[in-house]
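Visitor: Here my numbering is used: position 217 in the sequence shown is 288, and no number is missing along the way.
Built from N, CA and C at the ideal position, the CB exists for glycine as well.
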Amino acid sequence: MKILVTGGAGYIGSHTCVELLKENYDVVVLDNFSNSCEESLNRVQKITDKKLSFYKADLLDPPSIDHVFEDHKIDAVIHFAGLKAVGESVSIPLKYYHNNLTGTFNLLSAMDKYTVKNLVFSSSATVYGDPASFPITEKFPLSATNPYGRSKLVIEEVLQDLYKSDKDWNIALLRYFNPVGAHESGEIGEDPQGLPNNLMPYISQVAVGLLPRLKVFGKDYNTPDGTGVRDYIHVTDLALGHIQTLPKLLSNPGVVIYNLGTGNGFSVLEMIKGLEKASGQKISYQITDRRPGDIAACFADATKAKKELGWEATKSLDDMCKDTWNWQKKNPQGYRKPAGEQ
Ligand code: NAD
Ligand code: UD1
């Protein structure tokens with residue numbers, strides 16, 4: 072079976088490519104490297120000792136998508152490619168809508184043209200907005216609070232419409248909670264450009280000495296220790312969720328929706344403690360005001376994925392922290408080589 076992975080050089084995409092290759096899928100990656108680099112794919116091949124096909128191409132350029140479908144008989148597409156920084160999406164919404172929506176429309180048109188109608192789409196728990204209760208099931212009401220979230224919500228709706236118009240499509244909407252961690256080898260991991268927006272990369276850059284201290288955004292939430300609670304999920308567990316989704320897609324289910332989370336919530340202070348334990352480093356932090364737009368807590372009911380896909384997250388908070396640290400320590404500058412090793 073041949074799988075096209077858009078955004079396959081990125082954080083979640085590269086970990087998914089590893090698991091696909093391990094399961095003997097043929098893998099074709101399309102990525103424009105706007106938020107990644109080719110080195111991640113070299114390392115995917117190093118970890119697995121297998122080859123993948125790779126195209127440096129932009130989803131905003133339809134002929135380059137055609138080129139991939141002409142070269143390969145694709146069975147299913149896993150669509151990770153997109154821009155994902157919430158704050159940036161508020162300042163430059165048109166760029167986000169153009170990249171995420173137009174890019175997806177171009178991909179769908181090519182899939183339609185080449186009669187490839189099996190798709191796994193990277194959605195996000197952000198489509199639940201500010202949920203009224205927890206844990207969050209797939210039936211909760213949906214809303215968007217920023218252009219990034221709205222781009223996910225709109226794509227989910229477009230995909231539902233597409234299926235209504237043509238029942239040959241099989242589409243899985245996977246709503247990720249908070250992916251963290253790295254491959255256990257420490258070869259691939261999250262490599263944010265510039266100052267990290269998300270908690271775990273920020274903490275690990277403090278631990279390795281790249282940043283002086285973490286700002287903890289608020290300690291007055293209605294949570295056990297007053298800091299924000301999230302459902303952190305190891306990126307390898309998340310990658311395996313995609314592998315488990317592929318056989319389901321091939322059973323012609325139409326549109327299916329799954330939360331990919333652990334079902335457990337951890338606070339910011341618990342994550343700091345976890346990384347201190349894994350790294351043996353003291354993490355300096357200061358409590359600041361809440362970050363605008365943040366919610367107090369967010370965690371999944373992931374029982375539907377367990378029941379229907381036979382998938383559940385198995386890695387612990389200790390695993391997430393240990394692997395985050397291993398990656399950060401081995402690659403303090405991410406995929407960029409330290410000076411002198413070019
Ligand atoms: P990432 O930025 O590491 O990976 C996305 C990849 O897509 C990058 O390699 C980038 O170069 C590529 N890309 C972007 N626009 C492209 C275009 N027009 N054409 C070709 N390639 C393009 O992000 P990630 O964390 O791996 O996230 C993958 C997907 O999962 C995204 O759609 C994201 O919105 C979604 N998601 C991520 C998280 C998270 O916390 N990481 C949570 C929920 C959902
Ligand atoms: C963010 C996005 C969300 C996206 C999710 C996964 C925002 C507002 N939301 O969610 O849309 O789906 O990532 O990619 O960006 N924190 C700190 N200090 C920091 C960074 C974070 O205290 O420097 C806290 C936050 O307040 C939050 C928790 O850590 O309580 C997790 O934050 P983060 O990693 O940014 O993820 P989310 O806010 O869940």
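1) Use the C-beta contact count for Q357: other C-beta atoms within 10 angstroms, 16 or more gives buried, fewer gives exposed.
2) Can you list, in chain order, the residues of its chain whose CB lies under 6 Å from that of A215, leaving out five sequence neighbours each side?
3) Could you tell me which uninterrupted beta strand (DSSP E) segments, each at least 3 residues in length, are contained entirely in the region 96 to 154, listed from first to last along the chain?
4) Rank K377, A384 and N171 by C-alpha distance to the C-alpha of T77 and give the top, closest one.
5) State the Cα-Cα distance for the pair P283 and Y185, rounded to the nearest angstrom.
6) Could you tell me whether the Cβ atoms of V327 and A243 are closer together than 8 Å?
7) Would you kindly report the start and end of the unbroken alpha helix (DSSP H) that includes A349?
8) If you run the structure through DSSP and keep just helix, strand and coil, what is V187?
9) Would you report the Cα separation of L179 and E347, rounded to the nearest angstrom?
10) By the three-class DSSP mapping on this structure, what secondary structure does V326 have?
11) Would the C-beta of D129 count as close to the ligand NAD, meaning under 7 Å from any of its heavy atoms?
12) How about Y126 and Y167: are their beta carbons less than 8 Å apart?
13) I'd like to check one pair, F151 with G81: are the Cβ atoms closer than 8 Å?
14) Is Y219 near the ligand UD1 - that is, is its Cβ less than 7 Å away from at least one heavy atom of it?
15) On the DSSP letters alone, give me the boundaries of the alpha helix (DSSP H) that T77 sits inside.
16) Going by the DSSP bridge assignment, what does T359 pair with across the sheet?
17) Per the contact definition of three or more C-beta pairs closer than 8 Å, is the region 383 to 403 in contact with the region 246 to 262?
18) What number of angstroms, rounded off, separates the C-alpha of L380 from the C-alpha of S338?
Guide: Checking against the coordinates, here is how it stands:
1) exposed
2) R221 and L224
3) 97 to 102, 124 to 127 and 147 to 150
4) N171
5) 51 Å
6) yes
7) V339 to S350
8) coil
9) 44 Å
10) strand
11) yes
12) no
13) yes
14) yes
15) Taken as a continuous stretch (DSSP letters only), T77 belongs to no alpha helix (DSSP H), being part of the beta strand (DSSP E) at K73 to T77.
16) F288
17) yes
18) 28 Å
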